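See structure below.
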Amino acid sequence: MLIGELSERTGVSRRLLRYYEQQGLLEPVRQTNGYREYCDQAPNVVGHIRSLLAAGLPTAMIAGVLNCVQGDPAEPVLSGCRGMVDGLTAERARVAAEIERLTTSQRALDVLLEAAIHAPE
DNA sequence: TTTCTTACA
DNA sequence: TGTAAGGA
């Protein structure tokens, strides 16, 4: 299918679809006229890209994960990506650290707000 | 009509 | 990201 159809079926703009290609996330073949030709799995792949992006994964890592993610984006099926586990584990650790940092900020704000409640006008 | 690339707002 | 330009 051409970019227009893929765009309609995924709700992702043509512009963004071309951007995904630039990032190495999608690799459509080119017709003789230069038009991008996407495979039947493209809609699913785009779905995976969106969920992976939502998970906060950097595009560089998404490119790798896409090679072993299949099926409906709602219920991803992973196969043969043991090599990805380390990367994903590291990413999870990064997210956990971020949560800790934010939690610390939240506590600091709570202390301030608590003090504000008792502060005189 | 649809798509392509490049580049600017 | 949207959009315009200039082609195919």
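Per our numbering, the very first residue in the first sequence carries number 69; after that it's consecutive. From the three backbone atoms N, C-alpha and C, an ideal C-beta is built for every residue, glycine too. Just so it is clear, the structure is predicted and the values come from calculations on it, not from any experiment.
Going by the beta-carbon positions, is the gap between residue i and residue j smaller than 8 Å?
| i | j | result |
| --- | --- | --- |
| Ser119 | Pro96 | no |
| Arg104 | Leu70 | yes |
| Gly151 | Met129 | no |
| Gly139 | Asn112 | yes |
| Pro144 | Val137 | yes |
Would residue i be called buried (16 or more neighbouring beta carbons within 10 Å of its own) or exposed?
| i | result |
| --- | --- |
| Ala176 | exposed |
| His186 | exposed |
| Ala110 | buried |
| Ile167 | exposed |
Where does residue i sit, in a helix, a strand or coil, going by DSSP?
| i | result |
| --- | --- |
| Leu94 | coil |
| Gln138 | strand |
| Val179 | helix |
| Gln163 | Here the sequence assigns Val to residue 163, which means Gln is not the residue at that position. In this structure, Val163 counts as helix in the three-state DSSP scheme. |
| Val153 | helix |
| Glu168 | helix |
| Glu105 | strand |
Could you name the residues of the same chain whose beta carbon sits closer than 7 Å to that of residue i, not counting the 5 residues immediately before and after it, in chain order?
| i | result |
| --- | --- |
| Ser81 | Ser75 |
| Val163 | Gly124 |
Apart from the five residues on each side of it in sequence, which residues of its chain come closer than 8 Å, Cβ to Cβ, to residue i?
| i | result |
| --- | --- |
| Ala131 | Gln91, Gly92 and Leu93 |
| Gly72 | Arg82 |
| Asp108 | Met69 |
| Ile117 | Tyr88, Leu93, Leu94, Ile130 and Leu134 |
For the alpha helix (DSSP H) holding residue i, just list the boundary residues, first then last.
| i | result |
| --- | --- |
| Ser119 | Ala110 to Ala122 |
| Gly132 | Thr127 to Val133 |
| Leu70 | From DSSP, Leu70 is part of no alpha helix (DSSP H); its letter is neither H nor E. |
Report all residues from its chain with a CB closer than 6 Å to the CB of residue i; omit the five preceding and five following residues, and keep chain order.
| i | result |
| --- | --- |
| Val114 | Thr78 and Val80 |
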